[in-house]
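Below is one structure, written out as structure tokens; comments come after it.
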Amino acid sequence: MIKRYVVGSRMSQAVAAGGMVHIAGQVADDRKAGIVSQTQQVLAKIDALLKEAGTDRSKLIAVNVFLPHITDFDTMNSVYDSWIDPANPPARACVEARLADPDLRVEMTAVALL
Numbered sequence: 268m269i270k271r272y273v274v275g276s277r278m279s280q281a282v283a284a285g286g287m288v289h290i291a292g293q294v295a296d297d298r299k300a301g302i303v304s305q306t307q308q309v310l311a312k313i314d315a316l317l318k319e320a321g322t323d324r325s326k327l328i329a330v331n332v333f334l335p336h337i338t339d340f341d342t343m344n345s346v347y348d349s350w351i352d353p354a355n356p357p358a359r360a361c362v363e364a365r366l367a368d369p370d371l372r373v374e375m376t377a378v379a380l381l
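Take the position in the sequence shown, starting the count at 1, then add 267; the result is the number in my numbering.
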């Protein structure tokens with residue numbers, strides 16, 4: 268069975284299938300905010316989608332982080348490290364990548380067990 272969450276014309280924000288939920292790239296709503304606020308907003312969106320799917324960050328399997336400015340790595344990590352469940356850290360990748368809007372400072376995808 269496949270269940271889609273926050274379905275749009277182009278994509279779903281999350282898709283649950285095979286005992287896992289895949290969360291699409293999440294970005295901040297306030298695109299003029301700095302890296303700390305944008306990271307907090309993105310993580311809050313991931314939390315909300317995990318909750319809607321019936322899971323939480325302790326069941327994260329993988330997180331992918333995209334930063335247009337790799338110099339934001341340490342600052343983003345200061346927010347991420349306080350958010351992540353330290354007893355259950357997921358696999359993670361972080362890459363420098365141009366994002367769809369030049370004001371975006373971070374985008375993240377995630378996969379978690381249901």
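Every residue gets a Cβ at the ideal spot worked out from N, C-alpha and C, and that includes glycine.
By the neighbour-count criterion, in which a residue is buried when 16 or more other Cβ atoms sit within 10 angstroms of its Cβ, M278 is exposed.
Rounded to whole angstroms, G285 and A367 show a C-alpha spacing of 30 Å. When the beta-carbon positions are compared, L327 and N344 stay at least 9 Å from each other.
Nearest to A295 by alpha-carbon distance, out of A379, F333, G275, is F333.
Here the C-alpha atom of T338 lies approximately 16 Å from the C-alpha atom of A300. Bounds of the beta strand (DSSP E) holding I328 are 327–334.
In terms of Cβ geometry, Q293 and K312 form a close pair [threshold 9 Å]. Taking a C-beta distance under 9 Å as the contact criterion, T342 and T376 do not qualify as a contact pair.
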